[in-house]
Amino acid sequence: MQSATQVTQVGQGPGTLPPPISIYLANDSDEECREVLANKESLFQNDGLWPFAPDMVARLPCTKFRITKWTHGYVPRACVRELASRVGSYSAKDPSVVNVTYTDCDTPWVFCNHPQSRMRDSDMAEQFGRLPVKMRSHVRHVMGLPRGPIETCEAYSNFDGDIVFLGVPIHPVTFAAVWVHEVAHSIDSITFWQDEEFSATEKWLTAVEKDSAVPTDYATTNQTENFAENFVLALYVRTGGVIPKDKWNKIKWQQKAIVDKYGDVLDPNGTCSSRKRAICDEIICVYPDSWLHTKGPYSLAQVLAKSDTVGEDHHTQKDLGENGKRTTRPSRILPILKKLSRYSTHWDGQPKTA
């Protein structure tokens, strides 16, 4: 399943944005979930959660970062896979790949950006860096890729913890609602491979049942989207935002469930104790004449290196000893990323605030 958010570019100022559109694969319980959610009141019908973004941005501090560019021609396989899923044909050698290292976490995030994404590495790094570090720790890669001619979705997340933006610069004020929503999907899905998403647990479903409302019309799509919309409000409140009491009382059990489970993740003053999403991914050396198509294997893509640590959300029984502990060796991916780096762009001051 992939969850997606539509973002519409607007001019200067907050503007008015339409509600997002979701793309996901239905499962057996979706019809029942939709029926439950359809009977809930939508608290913010007209503008969705966009009006909360400016205050949230003002309260989320910028985190200093350093951008280090990879040697041209080396791309994470995840980026190649997502690029191949775009409508049309794109050269596998076109995306630029960088490490973004923030001052609050030694381990970098890998950003993959195609020229037709219309997004700058520095803008994505600044926006992502405003999120609490424990939220960021649930994300593997950040990507900016071309948008297809008939696509309505302009941002989505996948079960591997990658956040993808498609062909539209995110508005400097409203971006917070988009980023938080998509990262919330990554947080929700991190347990999918071992058990189930938090939004499918009895604790969450009970909280929804006890409340009389959901945040937005979009939240009635399914429980996955309802969780993500609630997560945006949870961070808004955690950073000092105030929701009118009459509205808050209608979603208080959902909010409590999120805070009980993810209170430390929402903390803007949290620390980077560990990366929840393993950064291990195959690194591909792309030949100059390599082209990606929507069908067919990557026959000209050669695997350069692969981390020998299985990701936390992809481990299998063979990777565990009898006592349940990992038997795989420590990851060698960080030295590999450093070898791929050619030069750095340093952002020593605070990024410019929109």
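Using this note's numbering, the first residue of the sequence shown is number 6, and each one after it goes up by one. Backbone N, C-alpha and C fix where the C-beta goes; we use that ideal spot for every residue, glycine too. All values derive from a computational prediction rather than experimental measurement.
**Message:** Rounding to the nearest angstrom, what Cα-Cα distance links Glu-234 and Pro-220 in this structure?
**Reply:** C-alpha separation (whole angstroms): 6 Å.
**Request:** Quick one: using the 10 Å Cβ neighbour count with 16 as the cut-off for buried, is Arg-125 buried or exposed?
**Result:** Under this definition Arg-125 is an exposed residue.
**Asked** Cβ atoms of Cys-67 and Cys-277: under 7 Å apart, would you say?
**Response** Taking 7 Å as the Cβ cut-off, Cys-277 and Cys-67 do not qualify as a contacting pair.
**Asked** Starting from Ile-256 and walking both ways along the alpha helix (DSSP H), at which residues does that stretch end?
**Response** Run containing Ile-256: 250–267, per the alpha helix (DSSP H) assignment.
**Message:** Per the DSSP calculation, Met-124 is bridged to which residue(s)?
**Reply:** BP columns for Met-124 are empty, so no partner.
**Message:** Quick check on DSSP: helix, strand or coil for Gln-14?
**Reply:** Residue confidence is low: Gln-14 scores 26 on pLDDT, short of 50, so the model does not pin down where it sits. No coordinate-derived value is stated.
**Asked** DSSP beta-bridge partners for Gly-117?
**Response** The question names Gly, but residue 117 is Cys in the sequence shown. BP columns for Cys-117 point to Val-102 and Met-148.
**Request:** Within 10 angstroms of the Cβ of Glu-207, are there 16 or more other Cβ atoms? Answer buried if so, exposed if not.
**Result:** Counting of Cβ neighbours within 10 angstroms places Glu-207 among the exposed residues, the total staying below 16.
**Asked** Whose C-alpha, out of Arg-82, Gln-50 and Trp-114, is nearest the C-alpha of Ile-280?
**Response** Here the sequence assigns Arg to residue 280, which means Ile is not the residue at that position. Looking at the Cα atoms, Trp-114 is the closest of the given residues.
**Request:** In the DSSP assignment, find the unbroken alpha helix (DSSP H) run with Lys-215 in it and report its ends.
**Result:** Element bounds for Lys-215: 207–215.
**Asked** When the Cα atoms are used, what is the spatial distance from Cys-84 to Pro-100?
**Response** Roughly 8 Å separates the two Cα atoms.
**Prompt:** Are the CB atoms of Tyr-107 and Gly-149 nearer to each other than 7 Å?
**Reply:** Against a cut-off of 7 Å, the Cβ pair of Gly-149 and Tyr-107 comes out as no contact.
**Request:** Could you tell me if Gln-228 is buried or exposed, where buried requires 16 or more neighbouring beta carbons within 10 angstroms of its beta carbon?
**Result:** Taking all protein chains shown into account, Gln-228 has 16 or more neighbouring C-beta atoms within 10 Å of its C-beta and is therefore buried.
**Message:** Would Phe-49 and Tyr-241 qualify as a contact pair, given that the criterion is a beta-carbon distance under 7 Å?
**Reply:** No, the Cβ-Cβ distance between Phe-49 and Tyr-241 is not below 7 Å.
**Asked** Nearest-angstrom Cα distance between Thr-211 and Val-103?
**Response** Cα-Cα distance, rounded: 42 Å.
**Neighbour-count burial assignment, Asn-163, 16 or more Cβ in a 10 Å radius** = When all chains shown are included, Asn-163 counts as buried.
**Request:** Check the C-beta distance from Val-188 over to Met-129 and give it rounded, since I have them as a contact under 8 Å.
**Result:** Contact between Val-188 and Met-129 is absent: CB atoms are separated by about 13 Å, not below the 8 Å threshold.
**Prompt:** Is Val-188 helix, strand or coil by DSSP?
**Reply:** Helix.
**Contact check, Glu-202 vs Asp-193, beta carbons under 7 Å** = Yes, the Cβ-Cβ distance between Glu-202 and Asp-193 is below 7 Å.
**Item:** Counted within 10 angstroms of its Cβ, other Cβ atoms place Lys-250 as buried (16 or more) or exposed
**Value:** Lys-250 should be labelled exposed.
**Message:** Please state the DSSP three-state secondary structure of Glu-46.
**Reply:** DSSP places Glu-46 in the strand class (E or B) of the three-state scheme.
**Message:** According to DSSP, simplified to helix, strand and coil, what is Ser-278?
**Reply:** If DSSP states are grouped into helix, strand and coil, Ser-278 belongs with coil.
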